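Presented below is the structure to which this report refers.
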Amino acid sequence: MPSNVFRFDERWDIPEATPQEVWDVLSDAELLPLWWGDVYKEVVPLDKKGKGVVGSRARARARGALPYELNFIIEAAELEPGRLVVVKTFGDFDGLWRAELSPSGNGTRVNLIWQGTVLRPILKFLAPLLRQAFAWNHRWTTPRGEAGLRRYLSGRKNRQAA
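Quick note: the sequence shown, position 37, residue 100 per this note's numbering, numbers continuous.
Laid out in structure tokens, this is it:
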């Protein structure tokens, strides 16, 4: 595998949330800074297609633990309510993010696959030397996403109950 190509397989367990509730959040790119704010600094819609619509696009600015930002476009590629969210990314990296949702006990299991190719010239150039650091940076972001999604969904339920 070239040094600028990455694949990560991960699993999130989201307690006390149905697959549909999780899907409602994951399928709406504009919500990313609200629940994954440690990473997603800004998401701006690029069209008027609406939320949870295949083909809808947004511009994102993200940052991990390392001192650089990534700028990219997120495009909804495949959406099956309550079951599947697939998005493509274009920009500093091109890739595919796939989240398969299934009931698990009193919550939802999210099986994630992220495949990406780093294209930003300086990062692509440094990838042979810093591949492990880039992978560590990704692994730094994902637990924050899982924890943020849990908090966001719990807070949403608390607001609805009030």
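By construction, the Cβ of each residue, glycine as well, lies at the ideal position given by its N, Cα and C atoms.
In this text, all values refer to a predicted model and were calculated from it rather than measured experimentally.
- DSSP places Trp160 in the uninterrupted beta strand (DSSP E) bounded by Phe156 to Ser167.
- For the region 85–136, the continuous beta strand (DSSP E) assignments of 3+ residues that do not extend past its boundaries occur at 103–108 and 120–126, in sequence order.
- When Lys112, Ala123 and Ser90 are compared, the shortest CA-CA separation from Val102 is found for Ala123.
- Here Asn67 is buried, its C-beta having at least 16 other C-beta atoms within 10 Å.
- Of the other Cβ atoms in all chains shown, fewer than 16 fall within 10 Å of the Cβ of Trp199; this residue is therefore exposed.
- Leaving aside the five residues that flank Trp75 on each side, the residues in its chain whose CB is nearer than 6 Å to its CB run, in chain order, Val173 and Glu209.
- Residue range Gly170 to Val181 is occupied by the beta strand (DSSP E) that includes Arg172.
- Residue pairing by DSSP puts Trp75 in a beta bridge opposite Val173.
- By the CB criterion at 8 Å, Ile77 and Arg213 fall inside the cutoff.
- Ranked by how close their Cα comes to the Cα of Val117, the residues Ala196, Leu175 and Ile137 have Ile137 in first place.
- Under the Cβ criterion (8 Å, minimum of three pairs), the region 182–192 does not count as touching the region 104–117.
- In this chain, the alpha helix (DSSP H) harbouring Asn200 covers Pro184 to Ala224.
- As the crow flies, the alpha-carbon of Pro108 is around 15 Å from that of Gly154.
- Here Ala125 is not near Glu93, since their CB atoms are 8 Å or more apart.
- Relative to Arg70, the option among Gln83, Leu164 and Arg202 whose CA is nearest is Arg202.
- Taking the C-beta atoms as reference points, Glu163 is found no nearer than 8 Å to Leu142.
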